[in-house]
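Trainee:
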Amino acid sequence: MSSSLLHLSVDQMEIEHRYLSINGLNLHIAQIAKDDELGTVVFLHGFPETWYSWRHQMIAVAKAGYRAIAPDWRGYGLSDQPQDPQNAAREHLISDLLGILDALSIPKAFLVAKDFGSTPTYLFALLYPDRTCGVVSVGMPYSPVPYSYNLLPEGFYMKRWQEPGRAEADFGRFDVKRVVRTIYILFSRSDIPIAPEGKEIMDLANLSTPLPEWFSEEDLSMYASLYQKNGFTYPLQIPYRVTNIKGTNYLPSDRTIRVPVLLIQGEKDYIYKLLQQYEVIKEGIMKDYVPDLQISSIPEGCHFAQEQFPDQVNQLIISFVRAHPVNA
1 MSSSLLHLSV DQMEIEHRYL SINGLNLHIA QIAKDDELGT VVFLHGFPET WYSWRHQMIA
61 VAKAGYRAIA PDWRGYGLSD QPQDPQNAAR EHLISDLLGI LDALSIPKAF LVAKDFGSTP
121 TYLFALLYPD RTCGVVSVGM PYSPVPYSYN LLPEGFYMKR WQEPGRAEAD FGRFDVKRVV
181 RTIYILFSRS DIPIAPEGKE IMDLANLSTP LPEWFSEEDL SMYASLYQKN GFTYPLQIPY
241 RVTNIKGTNY LPSDRTIRVP VLLIQGEKDY IYKLLQQYEV IKEGIMKDYV PDLQISSIPE
301 GCHFAQEQFP DQVNQLIISF VRAHPVNA
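Dropping the structure here:
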C-alpha cells in the first residue's frame with residue numbers, strides 16, 4: 001500500500017487502513033477509529049468507486065463523534081479479487097458486509113451506500129434488521145421488483161458492458177487513469193451514457209474534455225492507483241453482468257424494509273431518466289416497501305453527489321444518524 005494511502009489525512013484526522021480476512025479473501029477497509037459510543041457508520045461504494053469516494057463523509061461523521069469505516073468491495077480497490085469472477089454473486093457482498101461487522105465486533109451499524117452498493121445494503125437491512133441502525137442511499141431507490149432496461153437502445157452503457165469481453169476491449173485501448181477519467185466525466189452528466197452505432201462508451205469523451213470541477217487530477221490519480229491492483233475484471237461482473245440476486249428463495253416473502261431509510265437524490269443524476277427509477281420515486285412505490293422513509297434532494301446534484309456537494313451530503317447523513325440514536 002502506498003504511503004499516500006497510509007497517511008491520507010484531513011484536518012488532522014488520519015484515515016487508517018487495514019485488511020480483514022473475510023470469506024477467504026483479504027478485504028481492505030479504511031477507517032477512522034474514533035470512540036464509537038454514538039455508533040458506527042459503514043460506507044459502501046459504487047462503480048467505478050472505492051473507499052476513497054467517501055473520504056469527505058468519513059471525516060465529517062468522525063468529527064461528529066461516530067466511527068467511520070469504508071471497505072473496498074471484493075475485487076475493488078485494495079481488496080482481493082476472487083479467483084472465479086465468473087461466479088460472482090451479489091449475495092457474496094451481503095455475506096462480506098456481515099463478515100466485516102462480525103470481525104470488527106460491531107453489533108449494529110448505520111449503512112451508507114450508493115450506486116450498485118445500495119442493492120446489497122438494502123437487502124442486508126431486509127435480512128439483518130437487528131444489525132442495521134438505518135440506511136442512507138445516495139441516488140438509488142429501493143424496489144423489490146427487478147429493473148429492466150430492455151426499452152433502452154443497444155448503445156446504453158449497461159447493455160454494452162453486460163456483453164462479455166466488450167468493455168474489456170473498450171477499456172483495454174487506454175490506461176486505467178484514462179478509463180476512470182472518462183467514466184467520471186460521462187456519469188457526472190445529466191444525460192444517460194449511450195454510444196451511437198460504431199462507437200464505444202470510451203469514445204464519448206476524450207482528453208480535451210475537462211474533468212468535473214469538483215474532481216481533481218489528484219483524485220483521479222488516487223482512483224487510478226487503486227485500480228492498478230485488480231483492474232476491471234471483477235467490477236464488470238458486479239454490477240453489470242450480475243444484475244440480480246441468485247437464488248432469491250433465501251429472501252423473505254415480505255420485502256418490506258423495517259429500518260429507517262434516507263434517500264438522497266441528486267436531481268441532475270442521469271439515473272432518474274431511466275423510466276423505472278423515476279416511477280419508483282414519483283409514484284410512491286418505494287414508500288410502500290419502506291414505511292420509515294425520508295427523501296432529500298440536492299437540486300444540482302449529479303450521480304456523484306457525495307463528492308460534488310460533500311458538505312450538503314455530510315449534513316444530511318449526520319442529521320439522519322443523530323435522529324436515530326443507536327441506544328434509543
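Note that full-length UniProt numbering has the sequence shown beginning at 1, numbered continuously upward. Beta carbons: idealized from backbone N, C-alpha and C, even for Gly. The model shown is predicted, which means the values in this text are computed figures rather than measured ones.
(1) Could you say if the region 130–144 and the region 282–297 meet the contact criterion of at least three C-beta pairs nearer than 8 Å?
(2) For histidine 303, which residues from the same chain have a beta carbon less than 8 Å from its beta carbon, with the 5 sequence-adjacent residues on both sides left out?
(3) Where does isoleucine 15 sit, in a helix, a strand or coil, going by DSSP?
(4) Checking 8 Å against the spacing of the C-beta atoms, do alanine 125 and valine 280 come in under that value?
(5) Hey, would you say phenylalanine 232 sits closer than 8 Å to phenylalanine 171, going by beta carbons?
(6) For threonine 121, which of helix, strand or coil comes out of DSSP?
(7) Tell me which same chain residues have a C-beta within less than 7 Å of the C-beta of threonine 209, skipping the five on either side of it?
(8) Just how far apart, CA to CA, sit leucine 123 and proline 129?
(9) Have a look at methionine 202 and isoleucine 183 and give me their C-alpha separation to the nearest angstrom.
(10) Beta-carbon within less than 7 Å of glycine 247's beta-carbon, same chain only, minus the 5 sequence neighbours each way: which residues are those?
(11) Name the DSSP beta bridge partners of isoleucine 22, please?
(12) Provide the residue span of the beta strand (DSSP E) that contains isoleucine 185, from first to last.
(13) Less than 8 Å between the C-beta atoms of aspartate 84 and leucine 78, yes or no?
(14) Within this structure, are the beta carbons of arginine 255 and tyrosine 227 separated by less than 8 Å?
(15) Serine 53 and glutamate 307: beta carbons closer than 8 Å?
(16) Comparing alpha-carbon positions, which option in Pro239, Asn314 and Pro325 lies nearest residue 334?
(17) Who does glutamine 265 pair with in a DSSP beta bridge?
(18) By DSSP's criteria, proline 71 is part of a beta bridge. Which residues make up the other side?
(19) Can you check DSSP and say which residues form a bridge with glycine 134?
Mentor: Taking the definition as stated:
(1) Segments in contact, yes.
(2) As a working mapping, residue 303 is identified with position 303 in the sequence shown. Asp115, Gly139, Phe187, Ser188, Gly266, Asp269, Tyr270 and Ile271, listed in sequence order.
(3) Sequence index remark: in the sequence shown, residue 15 carries index 15 (1-based). Secondary structure of isoleucine 15 (DSSP, three-state): coil.
(4) Residue numbering aside, residue 125 sits at position 125 when the sequence shown is read from its first letter. Residue numbering aside, residue 280 sits at position 280 when the sequence shown is read from its first letter. Going by C-beta atoms, alanine 125 is not nearer than 8 Å to valine 280.
(5) As a position in the sequence shown, residue 232 is number 232, starting the count at 1. As a position in the sequence shown, residue 171 is number 171, starting the count at 1. A contact, by the Cβ cut-off of 8 Å.
(6) What you label residue 121 is simply residue 121 of the sequence shown in a count that begins at 1. In the structure shown, threonine 121 sits in a helix (DSSP, three-state: H, G or I).
(7) As a position in the sequence shown, residue 209 is number 209, starting the count at 1. Closer than 7 Å at the Cβ level, and outside the excluded window around threonine 209, lie Ile185.
(8) On the sequence shown, residue 123 is found 123 positions in, with the first residue counted as 1. On the sequence shown, residue 129 is found 129 positions in, with the first residue counted as 1. Answer to the nearest angstrom: the Cα atoms are 10 Å apart.
(9) As a first step, residue 202 must be located in the sequence shown, where it is residue number 202. As a first step, residue 183 must be located in the sequence shown, where it is residue number 183. Answer to the nearest angstrom: the Cα atoms are 8 Å apart.
(10) Looking up residue 247 in the sequence shown gives position 247. For glycine 247, the predicted structure reports a pLDDT of 48, less than 50, and the residue's modelled location is therefore unreliable. The matter cannot be settled from this model.
(11) In the sequence shown, residue 22 corresponds to position 22, counting from 1. Answer is Leu25, bridged to isoleucine 22.
(12) Start at 1 with the first residue of the sequence shown, and residue 185 comes out as number 185. Per DSSP, isoleucine 185 belongs to no beta strand (DSSP E); it is in the alpha helix (DSSP H), 176–187.
(13) If you number the sequence shown from 1, residue 84 lands on position 84. If you number the sequence shown from 1, residue 78 lands on position 78. Not a contact, by the Cβ cut-off of 8 Å.
(14) As a working mapping, residue 255 is identified with position 255 in the sequence shown. As a working mapping, residue 227 is identified with position 227 in the sequence shown. Taking C-beta atoms as the reference points, arginine 255 and tyrosine 227 fail to come closer than 8 Å.
(15) As a first step, residue 53 must be located in the sequence shown, where it is residue number 53. As a first step, residue 307 must be located in the sequence shown, where it is residue number 307. A Cβ-Cβ contact shorter than 8 Å links serine 53 with glutamate 307.
(16) Summary: the structure shown does not reach residue 334, with the chain confined to residues 1 through 328, and so no result is reported for it.
(17) Taking the first residue of the sequence shown as 1, we reach residue 265 at position 265. Ser297, per the DSSP bridge assignment.
(18) Here the question's residue 71 lines up with position 71 in the sequence shown. Proline 71 is bridged by DSSP to Ile29.
(19) In the sequence shown, residue 134 corresponds to position 134, counting from 1. Beta-bridge analysis with DSSP links glycine 134 to Phe110.
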